[in-house]
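J.: Please read through the structure below; I'll follow up with questions.
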Amino acid sequence: MTLLYQLQEKSDFTGTEARVSDYILQELENFSAMTIHDIGIGAYTSNASIIRLAKKLGFEGFKDFKIQLVKDIQASFTQVSAVDPNFPFDVTDNVNAISKKLSDLSIKAITETTNHINTKEIQELAKVMSKSNRIFLYGIGDSQIRINSFQNKLMKLNIYAIVADNYSEEIWHTLNAQTGDIALFVTYGGHTQSMANNLKQLRRNKVKTALITASREDQLRSYSDFVISLPKGEGDKGKISTFFSQIAIDYVLNLLFSLIYKEDFTKNAIETKKKNLAFKKIGGKK
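For the sequence shown, counting from 1, position 155 maps to 155 in full-length UniProt numbering; every step adds exactly one.
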């Protein structure tokens, strides 16, 4: 049982000891720089009371108590705990607790997504995308924010992808797409009938299609040449925000971009360096 856990549990603590414990837990971020006098002032108690608490917990004095607690605090920030993706924090959490929980949720989302990805499938998709004439990107709401970022990364490789849903023109883009193009659909929770209809039409046009989704519905998958599955980490309704799903989507798109970059790594590395220098000159930066 860690010292940090003991302070949280407050087993057999007196009122004064509980007050000292509560104050220390509120000041974990600053604890390593605090003196016994600082804690006494903050907890409205004497140095002797703090020393008695340290001895009660098995330490010779405050110095040993502080060394161990600092170790426990550092360890707690590297240990990943279980977090509810729908409600990762609650009203009782302070800024340190929320920061830690969001960090843990990010690690959980990336780890589970990594385990879900079919590496052969995404590598093949990257090869096809790197050789396509045009890339059409489909996604609405939060997913569109992610594909806009992906589009921006591709542009810096001189690959100009089209966000089909911009200005509600996705049907025209679908009708204009042709053999040699590829369409990538990003949807975490499921699909709309419009999305299914666009996929069907693209198949009629003999356009390669790819889907990134956590949905297990067969309809969208059956219309897609490539399917990148995401873990189902959060519900469709009743959540604080789409933390888990957006981290997962962002991670997959970053991986996809990296694999496209790697398809012609030397050329891309040289061009990126050259353009970065030119960018600074044009922008007046040294």
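Glycine included, each C-beta is placed from N, C-alpha and C at the ideal position.
All figures in this text were calculated on a predicted structure; none of them were measured in a lab.
At the level of alpha carbons, what is the spacing between residue 52 and residue 89?
T.: Within the sequence shown, numbered from 1, the residue matching residue 52 stands at position 52. Within the sequence shown, numbered from 1, the residue matching residue 89 stands at position 89. Roughly 34 Å separates the two Cα atoms.
J.: Are the segment 130-137 and the segment 158-166 in contact at 8 Å, needing three or more beta carbon pairs?
T.: yes
J.: To which residues does DSSP link residue 136 through a beta bridge?
T.: Taking the sequence shown and counting its residues from 1, one reaches residue 136 at position 136. For residue 136, which the question treats as bridged, DSSP gives the partners 162, 183.
J.: Mind checking if residue 68 is an interface residue toward chain D, Cβ cutoff 7 Å exclusive?
T.: As a matter of chain content, chain D is missing from the structure shown, which is built from one protein chain.
J.: What's the C-alpha gap between residue 76 and residue 123?
T.: Against the sequence shown, residue 76 aligns to sequence position 76. Against the sequence shown, residue 123 aligns to sequence position 123. Our two residues, residue 76 and residue 123, have alpha carbons roughly 36 Å apart in a direct line.
J.: From the DSSP output, which residues share a beta bridge with residue 228?
T.: Within the sequence shown, numbered from 1, the residue matching residue 228 stands at position 228. Residue 228 is bridged to 212.
J.: In chain order, what residues of the same chain lie with their CB nearer than 8 Å to the CB of residue 233, ignoring the 5 residues before and after it?
T.: Mapped onto the sequence shown, residue 233 falls at position 233. So the qualifying residues of the chain are 85, 108, 109, 112, 214, 244, 245, 248.
J.: Hey, how far is the Cα of residue 269 from the Cα of residue 263?
T.: As a first step, residue 269 must be located in the sequence shown, where it is residue number 269. As a first step, residue 263 must be located in the sequence shown, where it is residue number 263. Residue 269 and residue 263: Cα-Cα distance of roughly 11 Å.
J.: Give the list of continuous alpha helix (DSSP H) stretches no shorter than 4 residues that lie fully inside the segment 51-111.
T.: 62-78
J.: Grouping DSSP H, G and I as helix and E and B as strand, with all else coil, what is residue 178?
T.: Numbered from 1 along the sequence shown, position 178 holds the residue referred to as residue 178. Correct three-state label for residue 178: coil.
J.: Using a Cβ-Cβ cut-off of 7 Å (strictly less than) and excluding sequence neighbours within five positions of residue 205, which residues of its own chain qualify?
T.: Counting from one through the sequence shown, the residue named residue 205 turns up at place 205. Residues 177, 178 of the same chain have their beta carbon placed closer than 7 Å to that of residue 205, with the five preceding and five following residues left out of the count.
J.: Output needed for residue 4: all residues of its chain with C-beta closer than 7 Å, excluding positions within five of it in sequence on either side, in chain order.
T.: As a position in the sequence shown, residue 4 is number 4, starting the count at 1. Cβ neighbours of residue 4 beyond the five flanking positions: 69, 72, 73, 76.
J.: Helix or strand or just coil, what does DSSP make of residue 275?
T.: As a position in the sequence shown, residue 275 is number 275, starting the count at 1. Residue state, collapsed to three classes: helix.
J.: Decide yes or no for the touch test of the segment 96-103 against the segment 150-160: beta carbon pairs closer than 8 Å, at least 3 of them.
T.: no
J.: Kindly list the residues whose CB is nearer than 6 Å to the CB of residue 207, restricted to its own chain and excluding five residues on each side of it in sequence; keep chain order.
T.: Working through the sequence shown from its first residue, we reach residue 207 at position 207. Result list for residue 207: 177, 181, 183, in chain order.
J.: So what's residue 125 in DSSP terms, helix, strand or just coil?
T.: Reading the sequence shown from its first residue, position 125 is the one you call residue 125. In this structure, residue 125 counts as helix in the three-state DSSP scheme.
J.: Please determine, among 67, 37, 174, the residue with the shortest C-alpha to C-alpha distance to residue 200.
T.: Taking the first residue of the sequence shown as 1, we reach residue 200 at position 200. The shortest Cα separation from residue 200 among 67, 37, 174 belongs to 174.
J.: So, are the CB atoms of residue 47 and residue 40 less than 7 Å apart?
T.: By 1-based counting over the sequence shown, the position of residue 47 is 47. By 1-based counting over the sequence shown, the position of residue 40 is 40. Yes. Within cutoff.
J.: With 16 as the cutoff for other CB atoms within 10 Å, does residue 261 come out buried or exposed?
T.: As a working mapping, residue 261 is identified with position 261 in the sequence shown. Residue 261 comes out buried.
J.: What's the call for residue 198, buried or exposed, on a 16-neighbour Cβ count within 10 Å?
T.: Stepping through the sequence shown from its first residue, residue 198 is reached at position 198. The residue in question, residue 198, is buried, as its Cβ has 16 or more Cβ neighbours within 10 Å.
J.: Mind checking whether residue 121 and residue 226 have CB atoms under 7 Å apart?
T.: Looking up residue 121 in the sequence shown gives position 121. Looking up residue 226 in the sequence shown gives position 226. Yes, they are a contact pair.
J.: Where do the N-terminal and C-terminal ends of the alpha helix (DSSP H) with residue 34 fall, by residue?
T.: For this step, residue 34 is matched to residue 34 along the sequence shown. Looking at the DSSP string, residue 34 is not in any alpha helix (DSSP H), and its letter there is neither H nor E.
J.: Would you give the residue range spanned by the alpha helix (DSSP H) that residue 218 belongs to?
T.: Position 218 of the sequence shown, counted from the start, is the residue given in the question as residue 218. Start and end: 218-222.
J.: What are the start and end residues of the alpha helix (DSSP H) that includes residue 251?
T.: Position 251 of the sequence shown, counted from the first residue, corresponds to residue 251. 243-263 is the extent of the alpha helix (DSSP H) around residue 251.
J.: Taking only the alpha-carbon atoms, compute the straight-line gap between residue 97 and residue 154 and give it to the nearest angstrom.
T.: As a position in the sequence shown, residue 97 is number 97, starting the count at 1. As a position in the sequence shown, residue 154 is number 154, starting the count at 1. Their backbone Cα atoms lie some 36 Å apart in a straight line.
J.: Where does residue 5 fall in DSSP's three states?
T.: Numbered from 1 along the sequence shown, position 5 holds the residue referred to as residue 5. Helix, per DSSP.
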